[in-house]
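Enquirer: Before we start, here is the structure in question, set down as structure tokens.
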Amino acid sequence: MDKPRLHTRAFLKVQDGCNHYCSYCIVPYVRGKPVSRDLDESLEEARKIVSSGCPEIVLTGIHLGLYEKLPELVRRVGAIPGLKRLRFGSIEPFALDDALLDALAETPTFCPHLHLPLQSGDDGVLKNMRRGYTADEFAEIVSRAREKLGERLHISTDLMVAFPGEDERAFENSMHFLKKISFGKVHVFPYSPREGTDAARQSALLIPQKTAQERVRQALSLASELHKNYSETWIGETVSVLVEKTEGKNVRGLTPHFVRVAGSAPSAKVGAEVSITPVRYENEMLLTDDIDVQMNFGDQIAEFL
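Here the numbering used here is used: the first residue of the sequence shown is 2, the next is one more, and so on.
Here's what the structure looks like:
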């Protein structure tokens, strides 16, 4: 059984393998074809996780959207007595069909946050990556997700910059698209060749390192701005925080929308849900006035994306 992390969150892997063959990815060659874990076996492990006292489960997989009975799994795991929160680790955008979105919308424990890997906002680069969608199609998927799960749904993503052949216009298209979608958390990383992939054979199209570093810098700056913009929409509202760390009267944890919050909650224990009204944003989290952003919570709480 997956050991709960920090006593509040456990990762339940229900799928392995991939048959998508993105041009930069080695996973299909080393992990094989998609395999779905038995539904009953997955449910049994989920029940054990909850009975151990862990209030949150994150469903994961190499390509989670290829799990054969994902809508049913969501409904049945989400209904386990004692489970407070259900999340996805990451899911490819084209997996969000109406059946899955309906299941998410009808599962009260599912948290309104989706990590949808974009990789690029330029159609030419997306085609070269073999991602299987255009920028407009990705935007339509996000629109349907927000229609089903609420306009304040937190959409986080991955952005790969300096992919072979990405010219300045293509990079600017990605920057514009990030703003258009109003992502929250954006993970930015430069392209790195993987031996044996089609992209690695495009050495003539490699972006100079200095250019790649500058694009990463610009993308990270925009990512910081976007995360701040989304997080600040919750300032002044009372939000539910699942406590992951405590220090005296101070607590720290995540809202259902995957926004990190620190505030005062005397006597609250790890694993409890508390109500906090943040008033400011600092160091990528929301804070109350009586909290010290330098409080000693130990190591940064690990992200699961």
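All C-beta atoms, glycine included, are put in the ideal place defined by N, C-alpha and C. Everything numeric in this text was worked out from a predicted model, so none of it was measured.
Short of 7 Å in beta carbon distance, which residues of its chain neighbour Pro267, apart from the five on each side in sequence? Order them along the chain.
Expert: Only Lys250 meet the Cβ criterion.
Enquirer: Can you tell which of Asp98, Phe111, Pro82, Ala104 has its C-alpha closest to the C-alpha of Gly90?
Expert: Closest by alpha carbon: Phe111.
Enquirer: For Ser53, which of helix, strand or coil comes out of DSSP?
Expert: Looking at Ser53 - three-state DSSP - the assignment turns out to be coil, as it is neither helix nor strand.
Enquirer: Cβ atoms of Leu160 and Val189: under 8 Å apart, would you say?
Expert: The answer is yes: Cβ separation under 8 Å.
Enquirer: Pick out whichever of Val75, Arg216, His114, Gly272 has its Cα sitting closest to the Cα of Pro257.
Expert: That would be His114, whose Cα lies nearest to the Cα of Pro257.
Enquirer: On the criterion of 16 or more Cβ atoms from any shown chain inside 10 Å, does Leu13 qualify as buried, or is it exposed?
Expert: Burial call: buried.
Enquirer: Specify the secondary structure class of Val275 as computed by DSSP and reduced to three states.
Expert: The answer is strand: DSSP assigns Val275 an E or B state.
Enquirer: Below 8 Å on the Cβ atoms is my guess for Pro118 versus Glu93; work out the distance and round it to an integer in Å.
Expert: About 7 Å separates the two Cβ atoms, so the contact holds.
Enquirer: Taking just the CA atoms, how far does Glu196 sit from Lys180?
Expert: In a straight line, the C-alpha of Lys180 is about 33 Å away from that of Glu196.
Enquirer: To the nearest angstrom, how far is the alpha carbon of Gly62 from that of Val51?
Expert: So the alpha carbons of these two residues sit roughly 20 Å apart.
Enquirer: Just to confirm, does Ile63 get its C-beta within under 7 Å of one of the non-hydrogen atoms of the ligand PLP?
Expert: No copy of the ligand PLP appears in this structure; indeed no ligand is present at all.
Enquirer: Is the CB-CB distance between Arg86 and Pro56 below 8 Å?
Expert: It is a contact, given that the beta carbons lie within the stated cut-off.
Enquirer: How is the beta strand (DSSP E) around Gly254 delimited, first residue to last?
Expert: It spans 251-255 - the beta strand (DSSP E) in which Gly254 sits, taken as one unbroken run.
Enquirer: Have a look at Tyr134 and Lys128 and give me their C-alpha separation to the nearest angstrom.
Expert: Their backbone Cα atoms lie some 8 Å apart in a straight line.
Enquirer: From which residue to which residue does the alpha helix (DSSP H) around Ala201 run?
Expert: Taken as a continuous stretch (DSSP letters only), Ala201 belongs to no alpha helix (DSSP H), as it is neither H nor E.
Enquirer: Suppose you measure from the CA of Glu233 to the CA of Thr239; what does that come to, to the nearest Å?
Expert: Cα to Cα, Glu233 sits roughly 13 Å from Thr239.
Enquirer: To the nearest angstrom, how far is the alpha carbon of Gln210 from that of Val217?
Expert: Distance between the alpha carbons of Gln210 and Val217 is about 10 Å.
Enquirer: Using a Cβ-Cβ cut-off of 8 Å (strictly less than) and excluding sequence neighbours within five positions of Ile292, which residues of its own chain qualify?
Expert: So the qualifying residues of the chain are Asn251, Ala263, Gly264, Ser265.
Enquirer: In angstroms with no decimal places, state the Cα-to-Cα distance between Ala146 and Thr158.
Expert: Cα to Cα, Ala146 sits roughly 14 Å from Thr158.
Enquirer: Looking at the structure shown, is Thr239 part of a helix, part of a strand, or coil, going by DSSP?
Expert: Correct three-state label for Thr239: coil.
Enquirer: How many angstroms separate the CA atom of Arg10 from the CA atom of Ile58?
Expert: Going from the Cα of Arg10 to the Cα of Ile58 covers about 6 Å.
Enquirer: By the 10 Å Cβ neighbour count, where 16 or more other Cβ atoms means buried, how is Cys19 classified, buried or exposed?
Expert: By the 10 Å Cβ count, Cys19 comes out buried.
Enquirer: For Ser37, collect the residues of the same chain with a Cβ closer than 8 Å to its Cβ; drop the 5 residues on either side in sequence, then sort them by chain order.
Expert: For Ser37, where only same-chain residues beyond five positions count, the Cβ hits under 8 Å are Val15, Gln16, Leu67, Tyr68, Glu69, Lys70.
Enquirer: Helix, strand or coil: which one does DSSP assign to Phe172?
Expert: Helix, per DSSP.
Enquirer: For the beta strand (DSSP E) that Ser157 lies in, which residues bound it at each end?
Expert: It spans 155-162 - the beta strand (DSSP E) in which Ser157 sits, taken as one unbroken run.
Enquirer: Which of helix, strand or coil does DSSP assign to Pro5?
Expert: Summary for Pro5: the model assigns pLDDT 47, below 50, so the residue's position carries little reliability; its value from the coordinates is reported in the next sentence. Coil at Pro5, not helix or strand.
Enquirer: Could you please give the first and the last residue of the uninterrupted alpha helix (DSSP H) stretch that includes Lys128?
Expert: 124-130 is the span of the alpha helix (DSSP H), which, as asked, contains Lys128.
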